[in-house]
Amino acid sequence: METYKQRKHRTFEEIKTRHDVVDFLKNKYDRKLHIKFSLDKREAKINEYLEDDTLLVVTDPEYEGESTMVLYGLMEKYFEIDLKVEEKRGPGYFLCSIIGLKKAMTGRRDLRFKMTPEKVVATNFKISKHTIDISDFKIPTTIKVVIDQFQNQHIKLSDIVRIDVFQTGDPIYDAIKKTGKTLYIEDAGNRDTYTPLNENFINTPEILGDSFTQYAKRNVEKGYKSIIISPIIYITEMEQSIPFAYFEVISKSAPMTMEQVLEIKELSFKLVDRIRDANTLFIPQHQQIVDISLGGAKLMFTDDNLKRYLPRAKGFIFDIVFKLQAPITIYGEIRHMYTDSGGNLFVGVDFAGNSSRKDEMKRFYSVLKPMEMEYKNRLLKEMKARSR
0 METYKQRKHR TFEEIKTRHD VVDFLKNKYD RKLHIKFSLD KREAKINEYL EDDTLLVVTD
60 PEYEGESTMV LYGLMEKYFE IDLKVEEKRG PGYFLCSIIG LKKAMTGRRD LRFKMTPEKV
120 VATNFKISKH TIDISDFKIP TTIKVVIDQF QNQHIKLSDI VRIDVFQTGD PIYDAIKKTG
180 KTLYIEDAGN RDTYTPLNEN FINTPEILGD SFTQYAKRNV EKGYKSIIIS PIIYITEMEQ
240 SIPFAYFEVI SKSAPMTMEQ VLEIKELSFK LVDRIRDANT LFIPQHQQIV DISLGGAKLM
300 FTDDNLKRYL PRAKGFIFDI VFKLQAPITI YGEIRHMYTD SGGNLFVGVD FAGNSSRKDE
360 MKRFYSVLKP MEMEYKNRLL KEMKARSR
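In this text, residue positions in the sequence shown follow numbering that gives the first Met the number 0: the first is 0, and each later residue adds one.
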(Lines of atoms letter the chains of each structure in order from A; the text may use other names.)
(Lines give C-alpha, C1' and ligand atoms only; values in the text may rest on other atoms or scores of the structure.)
Protein backbone atom coordinates (compact mmCIF):
# COMPACT_ATOMS: atom_id res chain seq x y z
CA MET A 0 0.00 0.00 0.00
CA GLU A 1 1.34 3.45 -0.95
CA THR A 2 1.54 5.96 1.90
CA TYR A 3 2.88 9.49 2.25
CA LYS A 4 3.80 11.31 5.47
CA GLN A 5 4.78 14.98 5.68
CA ARG A 6 7.01 15.79 8.68
CA LYS A 7 7.77 19.48 8.16
CA HIS A 8 5.27 21.88 6.66
CA ARG A 9 5.91 24.91 4.49
CA THR A 10 4.62 28.40 5.32
CA PHE A 11 2.13 29.48 2.64
CA GLU A 12 0.45 32.62 1.36
CA GLU A 13 -3.11 31.70 0.38
CA ILE A 14 -5.03 32.86 -2.71
CA LYS A 15 -8.65 31.80 -2.33
CA THR A 16 -10.46 33.83 -5.02
CA ARG A 17 -11.19 31.53 -7.97
CA HIS A 18 -10.72 34.37 -10.45
CA ASP A 19 -7.22 35.10 -9.10
CA VAL A 20 -6.27 31.43 -9.25
CA VAL A 21 -7.40 31.15 -12.88
CA ASP A 22 -5.56 34.38 -13.75
CA PHE A 23 -2.37 33.01 -12.19
CA LEU A 24 -2.59 29.74 -14.11
CA LYS A 25 -3.58 31.31 -17.43
CA ASN A 26 -1.24 34.28 -17.52
CA LYS A 27 1.66 33.67 -15.17
CA TYR A 28 2.42 29.96 -15.19
CA ASP A 29 3.31 28.00 -18.32
CA ARG A 30 5.24 25.00 -16.95
CA LYS A 31 4.41 21.45 -15.95
CA LEU A 32 2.10 20.63 -13.06
CA HIS A 33 2.26 17.46 -11.00
CA ILE A 34 -0.22 15.64 -8.78
CA LYS A 35 0.84 15.73 -5.15
CA PHE A 36 0.98 12.39 -3.29
CA SER A 37 1.23 10.44 -6.55
CA LEU A 38 4.46 8.64 -5.86
CA ASP A 39 5.76 8.43 -9.43
CA LYS A 40 5.54 12.24 -9.86
CA ARG A 41 2.55 12.03 -12.19
CA GLU A 42 2.17 14.99 -14.55
CA ALA A 43 -1.11 16.86 -15.08
CA LYS A 44 -2.28 19.47 -17.54
CA ILE A 45 -5.17 21.91 -17.42
CA ASN A 46 -6.85 21.21 -20.73
CA GLU A 47 -9.63 23.79 -20.57
CA TYR A 48 -10.86 26.72 -18.43
CA LEU A 49 -14.65 26.81 -18.28
CA GLU A 50 -16.79 29.91 -17.77
CA ASP A 51 -17.85 28.93 -14.23
CA ASP A 52 -14.16 28.79 -13.21
CA THR A 53 -14.07 25.02 -13.24
CA LEU A 54 -11.17 23.24 -14.91
CA LEU A 55 -10.71 20.17 -17.07
CA VAL A 56 -7.60 18.37 -15.84
CA VAL A 57 -5.90 15.71 -17.96
CA THR A 58 -3.40 13.21 -16.61
CA ASP A 59 -2.27 9.61 -16.98
CA PRO A 60 -5.25 7.36 -17.92
CA GLU A 61 -4.16 4.91 -15.21
CA TYR A 62 -4.72 7.53 -12.48
CA GLU A 63 -7.96 6.65 -10.67
CA GLY A 64 -8.37 9.92 -8.75
CA GLU A 65 -10.16 10.70 -5.50
CA SER A 66 -12.68 13.28 -4.32
CA THR A 67 -9.95 15.93 -4.14
CA MET A 68 -6.77 16.60 -6.09
CA VAL A 69 -3.72 18.73 -5.26
CA LEU A 70 -1.60 20.00 -8.14
CA TYR A 71 1.78 21.60 -7.54
CA GLY A 72 4.36 23.49 -9.54
CA LEU A 73 7.42 25.68 -9.17
CA MET A 74 8.14 29.22 -10.38
CA GLU A 75 10.35 31.34 -8.12
CA LYS A 76 8.57 29.52 -5.30
CA TYR A 77 6.65 26.30 -4.80
CA PHE A 78 2.84 26.47 -5.04
CA GLU A 79 -0.14 24.13 -4.65
CA ILE A 80 -3.65 24.23 -6.15
CA ASP A 81 -6.40 22.51 -4.14
CA LEU A 82 -9.15 21.11 -6.37
CA LYS A 83 -12.40 19.29 -5.80
CA VAL A 84 -13.12 16.56 -8.35
CA GLU A 85 -16.69 17.17 -9.52
CA GLU A 86 -16.80 14.49 -12.21
CA LYS A 87 -14.59 11.89 -13.84
CA ARG A 88 -15.25 12.22 -17.56
CA GLY A 89 -13.01 9.45 -18.77
CA PRO A 90 -9.66 7.75 -18.07
CA GLY A 91 -7.36 10.45 -16.68
CA TYR A 92 -9.91 13.18 -17.47
CA PHE A 93 -11.43 15.16 -14.56
CA LEU A 94 -13.77 18.11 -14.15
CA CYS A 95 -12.59 20.04 -11.07
CA SER A 96 -13.67 23.11 -9.12
CA ILE A 97 -11.11 25.37 -7.45
CA ILE A 98 -10.81 25.38 -3.67
CA GLY A 99 -7.76 27.64 -3.48
CA LEU A 100 -4.11 28.21 -4.28
CA LYS A 101 -1.18 28.43 -1.84
CA LYS A 102 2.22 29.92 -2.62
CA ALA A 103 5.23 29.17 -0.42
CA MET A 104 6.55 32.16 1.50
CA THR A 105 10.14 31.10 0.85
CA GLY A 106 11.72 29.60 -2.24
CA ARG A 107 13.67 26.40 -2.59
CA ARG A 108 17.15 27.02 -1.22
CA ASP A 109 19.30 24.93 -3.51
CA LEU A 110 19.44 23.14 -6.84
CA ARG A 111 18.73 19.42 -6.74
CA PHE A 112 20.81 16.94 -8.71
CA LYS A 113 19.65 13.49 -9.78
CA MET A 114 22.05 10.78 -8.63
CA THR A 115 22.83 7.15 -9.45
CA PRO A 116 24.53 4.47 -7.30
CA GLU A 117 27.54 4.75 -9.60
CA LYS A 118 28.04 8.38 -8.50
CA VAL A 119 27.14 8.30 -4.80
CA VAL A 120 25.68 6.03 -2.10
CA ALA A 121 24.48 6.43 1.48
CA THR A 122 25.76 4.02 4.14
CA ASN A 123 26.71 3.54 7.82
CA PHE A 124 23.36 4.62 9.23
CA LYS A 125 23.11 5.42 12.95
CA ILE A 126 19.52 5.60 14.16
CA SER A 127 18.11 6.00 17.66
CA LYS A 128 15.75 3.13 18.43
CA HIS A 129 13.82 5.37 20.83
CA THR A 130 13.48 9.14 21.08
CA ILE A 131 14.25 10.57 24.50
CA ASP A 132 11.84 13.43 25.11
CA ILE A 133 12.40 15.96 27.91
CA SER A 134 8.63 16.23 28.41
CA ASP A 135 8.19 12.46 28.76
CA PHE A 136 8.45 11.04 32.27
CA LYS A 137 8.69 7.47 31.01
CA ILE A 138 11.63 5.79 29.33
CA PRO A 139 11.78 2.76 27.03
CA THR A 140 12.40 -0.60 28.70
CA THR A 141 15.78 -1.10 27.02
CA ILE A 142 17.07 2.19 28.47
CA LYS A 143 15.51 1.45 31.86
CA VAL A 144 17.43 -1.84 31.98
CA VAL A 145 20.73 -0.02 31.31
CA ILE A 146 19.98 2.49 34.09
CA ASP A 147 19.04 -0.23 36.61
CA GLN A 148 22.18 -2.22 35.82
CA PHE A 149 24.36 0.88 36.19
CA GLN A 150 22.72 1.76 39.52
CA ASN A 151 23.29 -1.77 40.85
CA GLN A 152 26.95 -1.66 39.80
CA HIS A 153 27.49 1.52 41.84
CA ILE A 154 25.16 0.90 44.75
CA LYS A 155 28.11 0.86 47.18
CA LEU A 156 29.14 4.44 46.41
CA SER A 157 27.31 5.60 49.52
CA ASP A 158 24.40 4.84 51.86
CA ILE A 159 21.74 5.82 49.30
CA VAL A 160 22.29 5.64 45.54
CA ARG A 161 19.40 6.37 43.17
CA ILE A 162 19.18 6.95 39.42
CA ASP A 163 15.76 7.91 38.10
CA VAL A 164 13.88 9.98 35.53
CA PHE A 165 12.85 13.50 36.50
CA GLN A 166 9.28 14.00 37.67
CA THR A 167 7.58 17.35 38.17
CA GLY A 168 6.43 18.99 41.38
CA ASP A 169 9.61 19.09 43.51
CA PRO A 170 11.34 22.50 43.19
CA ILE A 171 14.83 21.03 43.76
CA TYR A 172 14.55 18.43 40.98
CA ASP A 173 12.74 20.92 38.74
CA ALA A 174 15.64 23.37 39.11
CA ILE A 175 18.23 20.68 38.34
CA LYS A 176 16.30 19.62 35.23
CA LYS A 177 15.76 23.19 34.03
CA THR A 178 19.32 24.46 34.58
CA GLY A 179 21.40 21.29 34.17
CA LYS A 180 23.22 22.28 37.37
CA THR A 181 24.18 20.01 40.29
CA LEU A 182 23.00 20.03 43.91
CA TYR A 183 25.87 19.67 46.39
CA ILE A 184 25.31 19.89 50.15
CA GLU A 185 28.57 19.07 51.89
CA ASP A 186 27.13 19.03 55.43
CA ALA A 187 23.35 18.89 55.80
CA GLY A 188 23.63 20.11 59.40
CA ASN A 189 25.54 23.24 58.40
CA ARG A 190 23.32 25.78 56.63
CA ASP A 191 26.30 27.59 55.15
CA THR A 192 27.04 24.59 52.89
CA TYR A 193 23.60 24.90 51.22
CA THR A 194 24.88 28.03 49.48
CA PRO A 195 26.45 27.11 46.11
CA LEU A 196 30.23 27.20 45.69
CA ASN A 197 29.89 28.67 42.17
CA GLU A 198 27.46 29.02 39.26
CA ASN A 199 27.67 25.30 38.40
CA PHE A 200 25.55 24.44 41.44
CA ILE A 201 21.96 25.30 42.27
CA ASN A 202 21.18 27.78 45.05
CA THR A 203 18.95 25.78 47.38
CA PRO A 204 17.99 28.64 49.79
CA GLU A 205 17.05 30.84 46.82
CA ILE A 206 14.97 28.12 45.13
CA LEU A 207 13.06 27.08 48.27
CA GLY A 208 12.59 30.52 49.82
CA ASP A 209 10.42 30.23 52.93
CA SER A 210 10.48 26.42 52.66
CA PHE A 211 14.26 26.22 53.02
CA THR A 212 14.31 25.92 56.82
CA GLN A 213 11.90 22.99 56.73
CA TYR A 214 13.93 21.31 53.95
CA ALA A 215 17.20 21.57 55.91
CA LYS A 216 15.49 20.32 59.09
CA ARG A 217 14.02 17.32 57.24
CA ASN A 218 17.46 16.33 55.88
CA VAL A 219 18.86 16.26 59.43
CA GLU A 220 15.86 14.28 60.71
CA LYS A 221 16.43 11.66 57.99
CA GLY A 222 20.02 11.31 59.11
CA TYR A 223 21.49 12.76 55.93
CA LYS A 224 25.06 14.02 56.28
CA SER A 225 25.87 14.93 52.66
CA ILE A 226 23.89 15.08 49.39
CA ILE A 227 24.87 15.12 45.71
CA ILE A 228 22.28 15.19 42.91
CA SER A 229 23.76 15.45 39.41
CA PRO A 230 21.70 15.66 36.19
CA ILE A 231 22.12 12.98 33.52
CA ILE A 232 22.25 14.90 30.25
CA TYR A 233 21.59 13.04 26.99
CA ILE A 234 23.02 14.62 23.83
CA THR A 235 20.91 13.97 20.72
CA GLU A 236 22.17 13.56 17.15
CA MET A 237 21.32 17.25 16.63
CA GLU A 238 23.53 18.12 19.60
CA GLN A 239 20.58 19.10 21.81
CA SER A 240 21.16 18.65 25.56
CA ILE A 241 18.31 16.86 27.34
CA PRO A 242 18.57 16.53 31.16
CA PHE A 243 16.11 13.64 31.43
CA ALA A 244 17.28 11.87 34.63
CA TYR A 245 19.36 12.38 37.78
CA PHE A 246 22.11 10.61 39.72
CA GLU A 247 21.49 10.98 43.48
CA VAL A 248 24.01 9.97 46.15
CA ILE A 249 23.35 10.52 49.88
CA SER A 250 25.75 9.82 52.73
CA LYS A 251 24.58 9.27 56.31
CA SER A 252 28.03 8.77 57.79
CA ALA A 253 30.49 11.39 56.50
CA PRO A 254 30.60 14.54 54.38
CA MET A 255 31.27 13.99 50.68
CA THR A 256 33.99 16.00 49.01
CA MET A 257 34.24 17.91 45.74
CA GLU A 258 36.26 14.96 44.37
CA GLN A 259 33.18 12.79 44.89
CA VAL A 260 31.01 15.36 43.09
CA LEU A 261 33.35 15.14 40.10
CA GLU A 262 33.26 11.33 40.30
CA ILE A 263 29.44 11.35 40.13
CA LYS A 264 29.58 13.68 37.12
CA GLU A 265 32.07 11.38 35.38
CA LEU A 266 29.86 8.38 36.08
CA SER A 267 26.89 10.28 34.61
CA PHE A 268 28.85 10.75 31.37
CA LYS A 269 29.65 7.03 31.27
CA LEU A 270 25.98 6.17 31.80
CA VAL A 271 24.97 8.42 28.87
CA ASP A 272 27.52 6.60 26.68
CA ARG A 273 25.99 3.25 27.65
CA ILE A 274 22.48 4.52 26.98
CA ARG A 275 23.54 5.82 23.58
CA ASP A 276 25.20 2.51 22.68
CA ALA A 277 22.09 0.56 23.73
CA ASN A 278 19.76 2.99 21.95
CA THR A 279 21.67 3.28 18.66
CA LEU A 280 21.17 0.97 15.72
CA PHE A 281 24.12 0.82 13.31
CA ILE A 282 23.37 -0.42 9.79
CA PRO A 283 26.27 -0.43 7.29
CA GLN A 284 24.10 -1.24 4.25
CA HIS A 285 24.44 0.77 1.01
CA GLN A 286 21.25 2.63 0.06
CA GLN A 287 20.46 4.79 -2.95
CA ILE A 288 20.52 8.61 -2.96
CA VAL A 289 17.88 9.58 -5.52
CA ASP A 290 18.73 13.29 -5.58
CA ILE A 291 20.84 15.67 -3.54
CA SER A 292 21.37 19.40 -2.96
CA LEU A 293 23.44 21.60 -0.68
CA GLY A 294 20.60 21.54 1.84
CA GLY A 295 19.25 18.01 1.73
CA ALA A 296 18.67 14.74 -0.09
CA LYS A 297 16.08 12.17 -1.07
CA LEU A 298 17.01 8.57 -0.25
CA MET A 299 15.47 5.23 -1.19
CA PHE A 300 15.61 2.48 1.45
CA THR A 301 15.28 -1.22 0.71
CA ASP A 302 16.86 -2.60 3.91
CA ASP A 303 14.21 -4.07 6.24
CA ASN A 304 15.77 -2.75 9.47
CA LEU A 305 16.03 0.76 8.08
CA LYS A 306 12.43 0.63 6.87
CA ARG A 307 11.40 -0.52 10.35
CA TYR A 308 13.17 2.12 12.46
CA LEU A 309 13.27 5.22 10.25
CA PRO A 310 9.53 6.03 10.48
CA ARG A 311 9.96 6.38 14.27
CA ALA A 312 13.03 8.64 14.07
CA LYS A 313 13.29 12.42 13.89
CA GLY A 314 16.52 12.07 11.96
CA PHE A 315 19.65 9.97 11.59
CA ILE A 316 23.41 10.11 11.04
CA PHE A 317 24.81 8.56 7.87
CA ASP A 318 27.77 8.64 5.49
CA ILE A 319 27.55 10.07 1.98
CA VAL A 320 30.15 8.41 -0.25
CA PHE A 321 30.82 10.06 -3.60
CA LYS A 322 32.84 8.12 -6.15
CA LEU A 323 36.59 8.30 -5.39
CA GLN A 324 35.90 10.42 -2.27
CA ALA A 325 36.25 9.68 1.46
CA PRO A 326 32.92 9.25 3.34
CA ILE A 327 31.24 12.46 4.53
CA THR A 328 29.29 12.04 7.77
CA ILE A 329 26.10 14.11 8.01
CA TYR A 330 22.98 14.32 10.17
CA GLY A 331 19.71 14.32 8.21
CA GLU A 332 16.49 15.62 9.77
CA ILE A 333 13.49 13.82 8.27
CA ARG A 334 11.23 16.17 6.32
CA HIS A 335 8.86 13.71 4.62
CA MET A 336 8.60 10.04 3.69
CA TYR A 337 6.51 7.69 1.61
CA THR A 338 6.37 4.02 0.67
CA ASP A 339 5.83 2.98 -2.93
CA SER A 340 3.84 0.02 -4.20
CA GLY A 341 7.03 -2.09 -4.23
CA GLY A 342 7.61 -1.57 -0.51
CA ASN A 343 10.56 0.81 -0.94
CA LEU A 344 10.77 3.64 1.58
CA PHE A 345 11.63 7.11 0.24
CA VAL A 346 12.81 9.68 2.79
CA GLY A 347 13.52 13.37 2.25
CA VAL A 348 15.99 14.90 4.71
CA ASP A 349 17.37 18.33 5.52
CA PHE A 350 21.02 18.50 6.47
CA ALA A 351 20.26 19.99 9.87
CA GLY A 352 23.64 19.90 11.59
CA ASN A 353 27.29 19.00 11.40
CA SER A 354 28.46 15.58 12.45
CA SER A 355 31.11 14.95 15.06
CA ARG A 356 33.78 15.03 12.36
CA LYS A 357 35.41 18.39 11.76
CA ASP A 358 34.64 20.29 8.55
CA GLU A 359 32.35 17.59 7.11
CA MET A 360 29.87 20.08 5.65
CA LYS A 361 32.73 22.07 4.19
CA ARG A 362 33.94 18.96 2.34
CA PHE A 363 30.38 18.23 1.23
CA TYR A 364 30.01 21.74 -0.24
CA SER A 365 33.34 21.34 -2.05
CA VAL A 366 31.86 18.35 -3.92
CA LEU A 367 28.44 19.88 -4.65
CA LYS A 368 29.52 23.39 -5.61
CA PRO A 369 31.22 22.32 -8.89
CA MET A 370 28.03 20.41 -9.82
CA GLU A 371 26.01 23.56 -9.19
CA MET A 372 28.37 25.72 -11.28
CA GLU A 373 28.32 23.20 -14.14
CA TYR A 374 24.52 23.13 -14.09
CA LYS A 375 24.24 26.94 -14.13
CA ASN A 376 26.76 27.26 -16.97
CA ARG A 377 24.83 24.69 -19.01
CA LEU A 378 21.62 26.61 -18.39
CA LEU A 379 23.21 29.87 -19.58
CA LYS A 380 24.41 28.19 -22.77
CA GLU A 381 20.92 26.82 -23.45
CA MET A 382 19.35 30.26 -22.89
CA LYS A 383 21.85 31.91 -25.25
CA ALA A 384 21.19 29.25 -27.89
CA ARG A 385 17.43 29.89 -27.70
CA SER A 386 17.85 33.66 -28.06
CA ARG A 387 19.71 33.36 -31.39
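For each residue, glycine too, the CB sits at the ideal point set by N, CA and C.
So for residue i, helix, strand or coil by DSSP?
{"i": "Asp302", "result": "coil"}
{"i": "Ser138", "result": "Inspection of the sequence shows that residue 138 is occupied by Ile rather than by Ser. Residue state, collapsed to three classes: coil."}
{"i": "Met372", "result": "helix"}
{"i": "Leu309", "result": "helix"}
{"i": "Pro254", "result": "coil"}
{"i": "Asn26", "result": "helix"}
{"i": "Gln287", "result": "strand"}
{"i": "Pro204", "result": "helix"}
{"i": "Ala244", "result": "strand"}
{"i": "Phe165", "result": "coil"}
{"i": "Pro230", "result": "strand"}
{"i": "Leu82", "result": "strand"}
{"i": "Thr192", "result": "helix"}
{"i": "Phe36", "result": "coil"}
{"i": "Lys113", "result": "strand"}
{"i": "His18", "result": "helix"}
{"i": "Arg41", "result": "coil"}
{"i": "Lys380", "result": "helix"}
{"i": "Leu270", "result": "helix"}
{"i": "Gly106", "result": "Bear in mind that the predicted position of Gly106 carries a pLDDT of just 45, short of 50, making it unreliable; the figure below should be weighed with that in mind. Correct three-state label for Gly106: coil."}
{"i": "Tyr364", "result": "helix"}
{"i": "Asn46", "result": "strand"}
{"i": "Leu293", "result": "coil"}
{"i": "Lys224", "result": "coil"}
According to the neighbour-count rule (16 or more other Cβ atoms, all chains shown, within 10 Å of its Cβ), is residue i buried or exposed?
{"i": "Pro230", "result": "buried"}
{"i": "Phe268", "result": "exposed"}
{"i": "Met372", "result": "exposed"}
{"i": "Met336", "result": "buried"}
{"i": "Asn278", "result": "buried"}
{"i": "Ile138", "result": "buried"}
{"i": "Ser240", "result": "exposed"}
{"i": "Thr53", "result": "buried"}
If you follow the beta strand (DSSP E) that residue i is part of, which residue opens it and which one closes it?
{"i": "Asn123", "result": "119-127"}
{"i": "Ala215", "result": "Per DSSP, Ala215 belongs to no beta strand (DSSP E); it is in the alpha helix (DSSP H), 211-220."}
{"i": "Lys101", "result": "92-103"}
{"i": "His335", "result": "327-338"}
{"i": "Asp318", "result": "314-321"}
{"i": "Gly72", "result": "67-73"}
{"i": "Ile154", "result": "Segment: none, Ile154 is in no beta strand (DSSP E) and carries neither H nor E."}
Please list, in chain order, all residues of the same chain as residue i whose beta carbon is under 6 Å from its beta carbon, the five residues on each side excluded.
{"i": "Lys216", "result": "none"}
{"i": "Phe281", "result": "Lys125"}
{"i": "Met370", "result": "Phe112"}
{"i": "Asn218", "result": "Ala187"}
Here's a check: name, in chain order, each residue in its chain whose Cβ is nearer than 8 Å to the Cβ of residue i, leaving out the five neighbours to either side.
{"i": "Asp290", "result": "Arg111, Phe112, Lys113, Met114, Ala296, Lys297"}
{"i": "Lys322", "result": "Glu117, Lys118, Val119"}
State the CB to CB distance for the pair residue i and residue j, rounded to an integer number of angstroms; the pair is presumed to be in contact (CB under 8 Å).
{"i": "Phe363", "j": "Ile316", "result": "The Cβ separation is near 14 Å, so there is no contact."}
{"i": "Gln287", "j": "Pro90", "result": "Rounded, the Cβ-Cβ distance is 32 Å, inconsistent with contact."}
{"i": "Val84", "j": "Phe93", "result": "5 Å"}
{"i": "Leu266", "j": "His129", "result": "Actually they do not touch by this definition, with Cβ atoms about 22 Å apart."}
Could you check where the alpha helix (DSSP H) with residue i kicks off and where it finishes?
{"i": "Ala174", "result": "170-178"}
Under 7 Å Cβ to Cβ from residue i, same chain only, skipping five residues before and after it: list those, please.
{"i": "Ser252", "result": "Asp158, Lys224"}
{"i": "Val320", "result": "Val119, Val120, Thr122, Pro326"}
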